[in-house]
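A short worksheet on the structure shown next.
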Amino acid sequence: MPSRKKTAMFASSFVICVGSFAMICVVLGTQEWISSLVSFSTTNSTVTVSLTYGLFRATCEHVIDVGLQVTEEPFQVADKLTNTRTRATITAIIVVLVLALLTSLMSAGFTCTNTVSNPYQTFLGPIGVYTWNSLCGIFVLLAMILFPVNVEGFGLSTELAQGCVSFLQTHIQSVHSYGYSYWIMMIIIFLNAASTIIIYFYQHARYTQKKEQERPIENAPKDVILF
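Taking my numbering as reference, the numbering of the sequence shown is continuous, increasing by one, and the terminal residue is 238.
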């Protein structure tokens, strides 16, 4: 059976991993990733399209400069994407977040195992927790990088606006504001780092204690050791 200290440390890490798993579910399930105002010029007017969307669904409304506001029905993001780069990047973001979800689950499983037992296999111990936490953090960070690249570099909001309102012509400008669904990923990275730090402190304390127990034998006279 593990010591009380080990149980407490790994139980804390387990709770953090479960929190990370839940937040990744929130990121995938909510659509408040970004709000964009995209302006276009038409033959006789200027049209501003307001978009709020995530990885799967989007809402759209457009305002014509004469004061007419039209709200469109919510739509699936994938249905409006015709550019190969934007579609591939959205797919890549979903894939890496699903991988982050799986690695977060694995990390929770490993910490739970160490809470109630002392696994003999090295990888099932702290090394496994480090590995899964690191992979989860890397996948989430990659999603945080890819999404702005898709919006700012590949013109995701502009493409969705043009798919939402068919008569748009020349793009003028876009203004973006990232929502809570996006920034939650920063919290997930911090949670994975916190879980790793907790396990590191446990290992460091255990190593220090082991060295202190060995020191009296190293410093003892040879005749005492032989006796």
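Note that the Cβ used here is the ideal one computed from N, Cα and C, for glycine as well.
Treat the numbers as computed from the prediction; the structure is a model and nothing was measured.
* **Sheet register partners of Tyr189 (DSSP bridge)** => By DSSP's assignment, Tyr189 forms a beta bridge with Ile45.
* Asked: Going by beta carbon distance, what residues of the same chain come within less than 8 angstroms of Phe238, once the five residues before and after it are set aside?
  -> With a pLDDT of only 42 at Phe238, under the threshold of 50, the placement of this residue in the model should not be trusted, and no figure is reported.
* Asked: When the Cα of Thr122 is compared with those of Ala19, Ser24, Ser14 and Arg15, which residue comes out closest?
  -> Of the candidates Ala19, Ser24, Ser14 and Arg15, Ser24 places its Cα closest to the Cα of Thr122.
* **Short CB-CB distance (under 7 angstroms) between Gln184 and chain B** => No chain B appears in this structure, which consists of one protein chain only.
* Which of the three DSSP states, helix, strand or coil, is assigned to Ser50? -> Of the three classes helix, strand and coil, the one that applies to Ser50 here is strand, per DSSP.
* To do: Compute the beta-carbon to beta-carbon distance between Ser47 and Leu202, rounded to the nearest angstrom, for a pair I have assumed lies under 8 angstroms.
  => Wrong, their Cβ atoms sit about 28 angstroms apart, outside the cutoff.
* Does DSSP classify Thr93 as helix, strand or coil? -> Secondary structure at Thr93: coil, using DSSP grouped into helix, strand and coil.
* **Element boundaries [alpha helix (DSSP H), containing Gly139]** => Judged by DSSP secondary structure, Gly139 falls within the alpha helix (DSSP H) whose first and last residues are Pro137 to Pro159.
* Between the Cα of Phe158 and the Cα atoms of Phe178, Tyr189, Thr142 and Ser145, which residue gives the shortest distance? -> Among Phe178, Tyr189, Thr142 and Ser145, the Cα nearest to that of Phe158 is on Tyr189.
* **Inter-stretch contact at 8 angstroms, needing at least 3 Cβ pairs: the region 200 to 214 / the region 86 to 96** => Because the criterion of three Cβ pairs below 8 angstroms is not met, the region 200 to 214 and the region 86 to 96 do not touch.
* Asked: Cα separation between Thr5 and Ile195?
  -> Since the first and last residues shown for the chain are 12 and 238, residue 5 lies out of range.
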